[in-house]
Each structure stands twice: as structure tokens, then as C-alpha cells.
């Protein structure tokens, strides 16, 4: 199902991604990433509940979260965490959403009964609570700052096609590293160099986007970037260029899309009215 969340009539003036409430959330490190304001008022979630695909999607989610013992209450909370703004659900990673939307919805339904969790039981109870969440969102809409970024290798490709810019960026990276008496640099610095030139390549810093890390770390291993071998400056630049080219090829074949959703709390909402 492709629910498209309703947009507010404006975007955030700054195009920097919002800070998220969850420490586990990934940040999108790109000044070109627009931030759009979404108004979660229950309508999109209601449409999702009434959509024919609701049952199949929720049963798929139940299969994914039902890998360990847990109560129906725990499974219900976990299921809401699997929904996103495309379903009309604000991020439950924000404590405010949990304490002011999800938990009150569960309590207004009389709580979730303590009984063995079957697919049928989960589906019936989750739908009941989700309808209560719709009611809560209609009474108190939640404003969410939403940003998306796609890593497809296009910025790396542009950089590699411009020798002047590429040489300048590579030079700015290598000058940061210590050299031995022969002017050689340790290959161990290739990973750091990749982070230094990240703003020019459209890549996020290592450790911020899990799927990107898998590609980046895999490519670095291919080029033995962790070994202490010393190489000449030109060889270091050549290796860094080839690492970029390898990452680009993988992203062109399988682009990675990342989104960030953050609740805009009253302090920010008030500033918009000034």
C-alpha cells in the first residue's frame, strides 16, 4: 500500500535534517535534504486501517515481531513502532507519542487483555487500539518533520568526472594525515579520508546509516584499508578514488533511501506562529 501522508502547506526554512528524539535514529547528513512538515491528524491512519491491505501488512509485521515471547501489550506497542508516516503514524520512538497517543489509546480500550497471542487475537486487538489512536490524533494532531535522502552514487559520479574538483578534494584530505620521511601515508587513514570528503561525495559519515555502512565497510575491506602498509601520496589518492568508484557502482545498481521523522514539539510550533 502506498499511503502518501498529507503535507502541511509549508516546509522548514532550513534544509537541515531535524534532531530526532531516539538515540537510535539515523540522521541524514546532507545540506540538500529538504525537511517537510507533516500533520498527522488520524485521517491517513484511518485510511490504512480501512484499506484491504491492512490485514496482510499487519500479519506480516506480527510474523516479524513474534520471534520471542511477549505479551499482547508488548506486541501491540512493537507493531506501532513498525508503522511510519506513510501509514499516518507519528514515530513512536518519540516518548511524547508513546505517552500521549499510543498508551492512552490502549488504556481507552480498557487495556490489552492478557491471553495467548495468536494472529487472530493480535489483529483484532491491534485494529481496536489503532482506531483509538485515530481518535486521539483527530483530537490532538501531531506535527512531524520528515526528511528523505537517496544515496544513488550520482554525486560521486559528478565528482569523478571533474578532475579539477577531484584533485582539490583529494589534496585537502591527504594533507590531514601524518607522513613518514619518504612522504608515505598509512592505508589505515583511507577510512578517515572517506569521512573527510563525505560532504563532497554525498555520502554519510561511517556509522550513521547502517545500510551505507555495509557497502562502505565492504569496499574498504576489499582494498585492505585497515592494514598498516605505507603508500605514496599518489597511490593513496588513487586508492581513495577507486574506493569511491566501487561505492558508486554499488549504489547505482541498488540505491539506498533513508528517511528521518521527528515530532515538532510545542516550542518549535510556537516559533512558527511568531
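In this note's numbering, the protein residues as written are 833 to 1106.
A virtual CB, placed ideally from N, CA and C, is assigned to each residue, including glycine.
Taken through DSSP and simplified to helix, strand or coil, residue 974 comes out as strand. If you check the CB distance, residue 984 and residue 884 do not come in under 8 Å. Contact check for residue 937 against residue 916 fails: the beta carbons are separated by 8 Å or more. Under the three-state reduction of DSSP output, residue 898 falls in the coil class, being neither helix nor strand. Counting the other Cβ atoms within 10 Å of the Cβ of residue 1047 gives 16 or more, which makes it buried. The region 949 to 957 and the region 901 to 910 touch, with no fewer than 3 CB-CB distances between them shorter than 8 Å. Beta-bridge partners assigned by DSSP to residue 1090: 981. Ranked by Cα distance from residue 940, the options 1014, 992, 1037 and 967 are led by 967. Judged by DSSP secondary structure, residue 1072 falls outside any beta strand (DSSP E) and instead within the alpha helix (DSSP H) spanning 1065 to 1085. If you look at residue 867, you'll find it in the beta strand (DSSP E) that goes 867 to 872. By the neighbour-count criterion, in which 16 or more other beta carbons inside 10 Å mark a residue as buried, residue 1068 falls on the buried side.
Residue 1081 is classed as exposed because its beta carbon has fewer than 16 other beta carbons within 10 Å across all chains shown.
The three-state reading of DSSP puts residue 1018 in strand, counting E and B together.
Assigned with DSSP and collapsed to three states, residue 1096 falls in coil, not helix or strand. Contact between residue 1062 and residue 1016 holds: CB atoms are separated by about 4 Å, below the 8 Å threshold.
For residue 899 and residue 1029, the gap between their C-alpha atoms comes out near 41 Å. Under the three-state reduction of DSSP, residue 921 is assigned to coil, being neither helix nor strand. Going by C-alpha positions, residue 1040 is about 22 Å away from residue 1019.
Listed in chain order, the non-local C-beta contacts of residue 978 below 6 Å within the same chain comprise 868, 870, 917 and 1093, local neighbours out to five positions each way being set aside.
As DSSP reads the structure, residue 1062 sits in a beta bridge with 1018.
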